[in-house]
Every structure is written in C-alpha cells, then in structure tokens.
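First comes the structure, then the notes that go with it.
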Amino acid sequence: MSWRGSVWGCLPNFYTGERNYSHNSPSEFYSSLGSEGFSIGDTSGTDEEDTDSAILYGTLRGSIVGLRYYTGVVNNNEMVALQREPNNPYDKNAVKVNNVNGDQVGHIKKELAAALAGIMDNKLAVVEGVVPYGAKNVFTMPVQMSFWGREENKEAVLDQLKMHGFKLAPPLKVGSEYGFGSKWISGKNGPTYSAPVHAAVHLTAEQLKSEFDKLFEDLKEDDKTCEMEGAEAVGTLLLPHQKQALAWMVSRENSNDLPPFWEERNNFYYNILTNFAVKERPKNVLGGILADDMGLGKTLTTIALILTNFQDGKPLPVEKITSDNGLLLNVTSVFSGTASIQSAEKKYSEDNPRTTLIICPLSVLSNWIDQFEQHTSQDFHLNVYIYYGSDRNKDPAILSDQDVVLTTYNILATDYGIRDDSPLHKIKWLRIVLDEGHTIRNPNAQQTKAVLSLEAHRRWVLTGTPIQNSVKDLWSLISFLKLKPFTDREWWHRTIQRPVTMGTPGGLRRLQSLIKSITLRRTKTSKVKGKPILELPERKVLIQHVTLTEEERQVYQSVKKEGKAAINRFFSEGTVLAHYADILGVLLRLRQLCCHPHLCTNTSSSFSAAGNNTPEELRQMLVTKMKLVLSSGSDEECAVCLESLTLPVITHCAHVFCKPCIYEVIRSEQPNASCPLCRNELRVEHLVECPLEEELDSSNGKKDDQEWISSSKINALMHALIELRKENPTTKCLVVSQFTTFLSLIENPLKKSGFAFTRLDGSMAQKKRVEAIQCFQSSQAGSPTIMLLSLKAGGVGLNLTAASRVFLMDPAWNPAAEDQCFDRCHRLGQKYNVIITKFIVKDSVEENMLKIQNKKRELAAGAFATKKPSASEIKQTKINEIKALIDL
DNA sequence: ACCGCCGGGTGCC
DNA sequence: ACCGCCGGGTGCC
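Structure below.
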C-alpha cells in the first residue's frame, strides 16, 4: 500500500506555505510551561536509591515560624514538607516549610534550622514533618519531625543534633509519620484508625510479591463490566471485553468523581492521606491505566475511545466522503484536513484541543498505523500525523490541527533534550496515550522527564506489565496521571511507597485502592460472562541439541581456549571491568561459532590494545568496542538510568552509557567526575558517540566473497523444515536469530530447497517491514511459509500469528526477550498449537546460557521490592554470568 | 541607677 | 503575640 510512504514523507510538502498559523506561538507556550518543565538541574536525582533502605532514627518537636508572611495553610495532623533554602539572604541555614499543595507555610525556627541544615545538605537524613495542630495558629505552629536515613548515618545525625542542643525522641509507636492517623487525630478531622502495635512489619520479598500480584488480580471481579458499542467511525466489531474497556474508558474521561483519597467535608475537600484540605475541588484524572495483558486489544480499544469519545462526550463527526475518489481520500486522510481545518478552527482551541498524542516504542509504531487504517471506517476523516523521522514537521500549529499525532518515546526525549525545539511540549493535548507505559518507569530517565512535562486534559497509560519489580516503578505512571498529591515524589513516598515497602499495616490496601480506582486490568485468563476472554492454543517449548562437527568443534575450542586465557588474565590483573567489551566479544564469537563459522569474522582480537595509539585510532577502537557491546545481544543497560541505551556514548575507559545520563553525571560531579563503573577520570571531551548505526550487527558485511557452506545448526534447521513441509506444506514458521548475518546465511539453503520466505530485521525501513509482515500473514497460496526474524525486531505489538512453529536458532541472554518473541505468534488470532524449537549446541556456551536463563527466571519470579541493585552490582552479576558462561 | 521596674514598640528566615 | 524581647523612661514612701 503506497499511502504509507506518503505518511512518512509528504506532510511537510503538503503544508508548505499554505497558511499562516498566527495563534499559539511557541513563546506563549513556553512561558506557560514555566522554567520547571525545562530545568536541567535535577534536585531529585542522585540518591533516591537509598530511600527504600531508610530507617527511622527518631522524632523531634520543633516550631514553624513566620506564618504571617505566607499563604500556605495547614490543618491539624497535616503533613508538611521541609525544604532547605540555602540562598535565603537572612540565614544560609534556612529551612522552609511547605504544605502538601506546595504553598509555603513558614520557616523552621532558626536555632533548629541551624541543626537541620548540615544534616539535610549532606543528605544524612530525610526530615519529614507533621503539624499536630496548625489550623488556628497565626504566628507559629509546632511541627513533629521524623528523621529517616541509612543505618550508618544515624550516629552522625544524632551528633549533629546534639551539637546544637537537640535530642531525638524514640520513634513513636503510633505511625503518625506514615500518615496513618495518629493520636492527634480527633473525630472531626478524619476517620479513626486503630493504632498498629508495631510501627512497621516487614514482609518478606516473597510475601510482598504475592500481595502485589493479588493487587492486580483482585481488580477483575468488580463492576467494570458495563459494555459500550464503538461509534460508527470504528470500522471493526469489538469483542465483549473490549466493549467493557471502552465503556470504562469513556466513563473515566467524562467522569466528575473525586480522585482517590479525597472526600468532601463541609465545603472543603480533604485528602485523607495527608490531611490536606482545599476549597477548590481537586481534579480527578480523566483517564487511567489500561493494564490488559498483551493481545487483548489495547490498541483497538484506544482507537475506539478516540473515535467514540472524540469531543464533549460525542463521537468523531461524520463527514461522509462524497467525491468519487473517496477511498483515496480516506487513505490519504492523514493530510486531508485543509478544508475541515478552516471551519474547525473555531471549534478547537488551546482550551479545547482536538488532538490525541500517542507515544509508543518505535517497535509498535507501524502497528498503530496499521490498526488506525484497519479500524477506522472508510467514511470518516481521521487526521493522523506520524511525528517521526528527521523530516518531522515541528510546527505546533499543524500538529495541534491533527486528530492524532503518533510519536515515539525517543523522538519525544530527543526533542525535549534540545530544549527550545520540542513542539510536542508547546501544545496542550486533548489526550495523551502512553503505549507500553512502563517505558517511563525510571523517574530519572530522559524519556520520563520528557513525558512528565507534557500537558493534556485526558491521560492514558497502556501497559501489559503494570508493575515489573516494585512499587517504585509506579510513581512515574501515577505522576503522569497528575493525581494529587502523588505528582510530588515526597507525598508518593510518604503515603504509599514507604508504607508498602515497610509493610505498614494497611499500606498495601491503600495502594490497592489507588490502583483499583484508576486501572482496568484483565489477563488472558479473565472471563466475560463466564467465558474466557480468549482461548489461546497450547504453547510448547522443545530444546533440540545440536552436535558440532569435528571441524566446527576444533575452531570453537581454539577460540574458547584463547578467549578463556585472555579473560583469566583480566581476572588476575583485576581489569575485568576495563575489558568488559572485550569479554563480551569473546562470548559473542563463541555464540556465533555455535551457529556458523562465517559469523565469526572479527577474530582480530581488540585486546591487542593500548600503547601509543593516535587519537583517531583510539576513537576507532572505542567505536568498535561500543558496537561490540551494543551488538552483543547481552541486553546492555546504561548503568546510570538502568534502562536500555539511548544515544549511546563510550568513555575512554570503555564503558557505555546514555549520552544524557553520563552528561548529567559529569555535570553533577564537576570539576572532577569519575566513571560510575570504574571510577576512572571522566571528561565530556573524551566521550565518543556511536556513529549513526548503519548496521549494528558486528558480524555484518557482505561476505559474498566467501563460498557458502552449511553448519550443523543450519542442517538441523533444514532437516526440521523439510520434515515439517512433508507433514503439512502450509504450516508457517518463524526462524529467529540474534544474528542477521546468520539469517542471511540461512536464506541460501531455503532457496535451494524451494521454500518461499520473507524476512524481518531491525535494519529494514518501516515500509519494508510492513510489507514483510503483511506478506507473511497472508494466507494466499504461494505466500511465504517462513519468516527469517531477528530476535528483537519489532516489539510486543508485532503480530505474526500466521506462524505456528518457531525455530530459535540461538539462545538469548534474557529469557524475557525470547518469551516476547514467542508471543508474537502465540497471541490473539493464533489458531493452532504453537511449537517452539530451541537449537542448543551441546557442550557449549549455549548450554551455559540456558542455565543462566533459568536463574533469571527464578529471580524474576521470586524477587519483588527487594532493593534495586546498584550500577556496580549489576556489573558484578554480569561478571558472575561471564564466569559461568565460559566455565571459569 | 554600673540597678529594678514600667509600659510601649515590636515580631521569620 | 493573652507571649518574649528590646531599649527608653524613670526612680522612696
């Protein structure tokens, strides 16, 4: 279908010079965003990791003064935030006090502030306040402070306080500092809570995990079972559970309910967690979290929502196409809006926007485009603009005239990083949809910051995996939903996260009630009217062992011997971390040798190294190393943000980080920054960027000069494929590898044996991918029966249900990556049992990888809410893995 | 009286 | 603040 090409390319041409968009100039939008949205300084960054391991040192009563001068008011038992104010002209020790709304209440009395300043500045403790009675005070009010910190800082904090003549009282038995009500609560000011006997009951990781699972499981049985038909513009019939989701989403968008934990009491609105009260009715999020399992149709449901609840609770207006090229018009409807835009301009404005912004991982972008095309009835105009690619149109006026703007997290973050050049941040959107919302679970990641500073009326998070490891991961999502007071990390932490992780009684219940009020969750096993939502066929994983030929084995052993010797040397020299990339290289070569000798071309060991290289040689070497790391398939994360690498750069000490992350490290540690992994000197001018990857597979190259030969693994595959064809010639298969070169090598025997095949890998242009997928999914006679698929091509959205067999040619480091790949065919629409065959070479690194996969599976199943490992711990785990892999 | 005491002015950091 | 504190006014009984 040719229109896709135009989607990607032609909007700029279409609009060039057509109109002047005088309204909503960029500057207006920036001033409305304020400086906050674009601040570089990150006050919340550095030692957040420690908050979970904090203990309560004790409490102290103090006073807040200067109430006269500020507007912030405080109720009895209300939580307050203590914030250092080092630039106060009267006292460099100043500590200001804000209420939950962020309005300043006053200052901590100076003698006490003098004691607190050092503690707070050196991050020895977190100091939190609750005002026991503050409603009527005019000049001063008391504050009950709790001191939280790591065990090892306790003495320092006590000393510091003692120096100024203060002494902590032991922690109160009643958990007022957890916001669970306290002895101060009178009947008037809140519900009474029975006081827990102990301040905190620590649950084991396992208990927490199971509690947490229940948290989502329990969401299923409630009243979210109303159904709603999609509007006429939805060109597809919805399944019952999708109609339920639609009804729920529409009701959420049009709801006027109070947000969770708010109550109306004598003309005020009370937050029962913080005891904060306001006159104005707090806004609930017009949206929520759709946490359906993969394959239940979140995309379709969201499209139905956009079309059905288009504006003012009404569907997308009908604009029947009368011209005889109606079909064409719909197809190019992406840009067909000129005529309607003229009239629409009065209807839609900054206050009443029309545009839904959808942010998704690149891997599912084409899926969204497909589904918009498939599910939007031909008679309706829906302007969809794909904000992607270097020629993306950055005119906010044009973007805000679309019905839908589709973009990726990376594009959003990239634009945001350029500060002055993010049109997406200049627009107030009708609706923002975050697909694969857990992408933003790391609060410090650039993408998260970029997402959190977007403006919108309605906000949705789509995710199949609502919580991956801990409550912590939820904050970004909740913050995105703009639920007060959780947008501020302190209140989230004090009212939800800490009670849950400390096992404070009722903490989980509280979290559950929060989740429940904003989430719709169904699993593949959920039922509608007694029937399972979807009945998936069975899925079986078989492991087929492959024995190398004598020749292959010899090559393998010699490379292994050499690599093992080198790695041993690194261990004895203690330079493992410095040679991390080299070690990955060794393992990569071994894994490649298991597949095919031709994959392993770059035997030129890079650890010749060192000595007196020219700067250019050094740069080249670093680039080579970085590419090695990126292409090693070892799923490298940035050790700063713990996410997969965005804009990777390599340090002189050969460690790879996200560019924004490592810049932030250097900025915050100036003048002398050091590498987070090995503590070597770190300088911006030494960082080497990854040249725009033409092809990240390190074993790339068109080795046509080599004569084609087979390998044990290829033989095993071909044998299986031919047997399968005898059984049933229409059965479709995925042949999956992490090495695209391997896929290329496999093409040869496929052709020779007369198989019709297609191919999908990460290097292919979007258009080509879509073609390959459609071609493969086709049931027409003569359509390809085999797809050569690179493991990570396409994300969760990729739908390859035509295949019922999968041949995994080489194991991945991360079992989750494999599972995700299998789910591309084992999902809604699969008619047959799915059989997966994993080829594993006997007595090789691959067998060891299986062991590591099992370990990871156990880890993933058991560990929840345990402390997030530090950067160096992650590396240490990797090093242990390396040892296991090469039998050291 | 280099004190006490009185009462007005005044008030965060 | 229906306080504390400051500093000026004042001064036997």
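Under this note's numbering, think of the first position of the first sequence as -14, with each following residue one higher.
The beta-carbon is built from N, C-alpha and C at its ideal position, and this holds for glycine as well.
For clarity, every value in this text was computed on a predicted model and none was experimentally measured.
Collapsing the DSSP output to three states places residue 222 in coil.
In terms of Cα proximity to residue 246, the closest of 391, 481 and 407 is 481. The criterion of a C-beta distance shorter than 9 Å is satisfied by residue 777 and residue 802. Secondary structure within the stretch 254 to 294: the beta strand (DSSP E) runs of 3 or more consecutive residues, fully enclosed, are 271 to 275 (chain order). Here DSSP, grouped into helix, strand and coil, assigns residue 83 to strand. By the Cβ criterion, the stretch 289 to 304 is not in contact with the stretch 252 to 270, since fewer than three pairs of Cβ atoms, one from each stretch, lie closer than 8 Å. Taking a C-beta distance under 9 Å as the contact criterion, residue 266 and residue 292 do not qualify as a contact pair.
Apart from sequence neighbours up to five positions away, the residues of its chain that approach residue 396 with a beta-carbon distance below 8 Å are 372, 373 and 377, ordered along the chain. Following the DSSP letters along the chain, one finds residue 477 inside the alpha helix (DSSP H) bounded by residues 474 to 477. The beta carbons of residue 643 and residue 669 sit no closer together than 9 Å.
Straight-line spacing of the CA atoms in residue 417 and residue 531 works out to 49 Å. The residue among 515, 676, 641 and 273 with its C-alpha nearest the C-alpha of residue 447 is 273. For residue 707, the enclosing alpha helix (DSSP H) has its first and last residue at 697 to 712. As summarised for the stretch 105 to 169, the continuous alpha helix (DSSP H) elements at least 4 residues long and confined to that stretch are 139 to 148, given in chain order. Per the C-alpha coordinates, the member of 212, 233 and 216 positioned closest to residue 224 is 212. In this structure, the beta-carbon distance from residue 622 to residue 343 does not fall below 9 Å. Annotation for residue 514: 225 place their beta carbon closer than 8 Å to its own, counting only its chain and skipping 5 residues before and after.
Residue 724 carries a coil assignment under DSSP once its states are collapsed to helix, strand and coil. For residue 747, DSSP assigns no beta-bridge partner whatsoever.
Taking a C-beta distance under 9 Å as the contact criterion, residue 507 and residue 828 do not qualify as a contact pair.
Our two residues, residue 488 and residue 477, have alpha carbons roughly 15 Å apart in a direct line.
In terms of Cβ geometry, residue 740 and residue 699 do not form a close pair [threshold 9 Å]. C-alpha of residue 630 to C-alpha of residue 51: approximately 48 Å in a straight line. Annotated as proximal: residue 786 and residue 816, with beta-carbon spacing under 9 Å.
Between residue 90 and residue 55 the beta-carbon gap is near 6 Å, inside 8 Å, which marks them as a contact. Distances from the alpha-carbon of residue 463 to those of 422, 411, 794 and 214 put 422 closest.
With distances taken between CA atoms, residue 295 lies nearest to 389 out of 250, 380, 389 and 660. Inter-residue distance for residue 564 and residue 555 is about 7 Å (C-alpha atoms, whole angstroms). The shortest CA-to-CA distance from residue 151 to any of 135, 124, 872 and 99 is the one to 99.
DSSP places residue 492 inside the alpha helix (DSSP H), whose first and last residues are 492 to 503.
Residue 69 and residue 404 have their alpha carbons spaced roughly 28 Å apart. Pairing residue 762 with residue 290, the inter-Cα distance amounts to about 27 Å. In the DSSP assignment, the residues bridged to residue 642 are 634. Annotation for residue 578: the continuous alpha helix (DSSP H) segment containing it runs 565 to 580.
Between residue 256 and residue 85 the beta-carbon gap is near 7 Å, inside 8 Å, which marks them as a contact.
Collapsing the DSSP output to three states places residue 793 in a strand.
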